[in-house]
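Here the sequence shown is numbered in the numbering used here, starting from 1082 and rising by one per residue. Every residue, glycine too, gets a C-beta built ideally from N, C-alpha and C. Everything below concerns the one structure shown next.
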Amino acid sequence: MQRAKQTRVLFVAGVLTVLAVEARAELVTSSVFATGAAVSSTSPDSVTFGDGSLWIAYQNGADSTGAGGSSRVVRYSPSGSVLNTWSIAGNVDGLRIAPSGQVWALQNNDGNSALTVINPVTNATNSFTYGTSYTANGNSLGRGFDDAEFLNGTTYLSETNPGPGTDPVIVKLTTP
């Protein structure tokens, strides 16, 4: 009986050793793709890929409530060449490519939220503002939208959560 128990302990120890060896993290290396210096920008935040380009939003110390400063959205080629830049008022904290191919830059995640849509074909921008659901529900903290996702023709936005974890933080965007 004692020998069977020892055999089981050795078997379990052997299995755990094999699992530990298999669970090792792979070593990855990184290299610099681009720097903000080339576009006079700091604090890269949002990154998205689409239309064969890499898009990065640099926040440049802009205030997250829209009180001052501007961000720079940069479109890079896959080799790291700057294809275009856009200066956008406020703090760009969310960057997504919509199914239409237009790039959404969500600004001011802590209040006074706004949205700038970039047309990558014409390089034109359109700016929009919207009220936050917290403000609409009587929340005086006036938080803002942080990120977007597109699913089956519907746009969902995440909202910066100012309160307890039971507060709603995902909203569905609708137009009047």
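Original post:
Can you tell me the Cα-Cα spacing of L1254 and Y1139, whole angstroms?
Top reply: What you label residue 1254 is simply residue 173 of the sequence shown in a count that begins at 1. What you label residue 1139 is simply residue 58 of the sequence shown in a count that begins at 1. Each residue's alpha carbon lies about 25 Å from the other.
Original post:
Counting along the chain, where does the beta strand (DSSP E) carrying F1226 start and finish?
Top reply: Mapped onto the sequence shown, residue 1226 falls at position 145. Counting along the chain, the beta strand (DSSP E) containing F1226 begins and ends at 1226-1232.
Subject >> A1118 to T1129 span [Cα, whole Å] >> reply: Working through the sequence shown from its first residue, we reach residue 1118 at position 37. Working through the sequence shown from its first residue, we reach residue 1129 at position 48. Distance between the alpha carbons of A1118 and T1129 is about 20 Å.
Subject >> Residue burial classification, S1160 (beta-carbon count within 10 angstroms, cutoff 16) >> reply: Your numbering for residue 1160 matches position 79 in the sequence shown. Answer is exposed; the Cβ neighbour count stays below 16.
Subject >> With 16 other Cβ atoms within 10 Å as the buried cut-off, status of L1108 >> reply: Mapped onto the sequence shown, residue 1108 falls at position 27. If you draw a 10 Å sphere on the C-beta of L1108, you find fewer than 16 other C-beta atoms in it, and that means exposed.
Subject >> Close-in-space but distant-in-sequence residues of the same chain around T1235 (CB under 7 Å, 5 per side omitted) >> reply: On the sequence shown, position 154 is the one that residue 1235 refers to. Counting only Cβ-Cβ distances below 7 Å, and skipping sequence neighbours, we find K1253.
Subject >> Inter-residue Cα distance where the pair is N1141 and N1172 >> reply: Residue numbering aside, residue 1141 sits at position 60 when the sequence shown is read from its first letter. Residue numbering aside, residue 1172 sits at position 91 when the sequence shown is read from its first letter. Note on geometry: alpha-carbon atoms of N1141 and N1172 lie some 8 Å from one another.
**OP:** Please list, in chain order, all residues of the same chain as A1094 whose beta carbon is under 6 Å from its beta carbon, the five residues on each side excluded.
**Re:** Residue mapping note: residue 1094 aligns to position 13 of the sequence shown, counting from 1. Note that A1094 scores a pLDDT of 45, beneath 50, so its modelled location is shaky; the value from the coordinates is reported in the next line. Nothing meets the Cβ criterion.
Subject >> Proximity below 7 Å, CB of T1197 to CB of S1208 >> reply: Sequence index remark: in the sequence shown, residue 1197 carries index 116 (1-based). Sequence index remark: in the sequence shown, residue 1208 carries index 127 (1-based). At the C-beta level, T1197 and S1208 come within 7 Å of one another.
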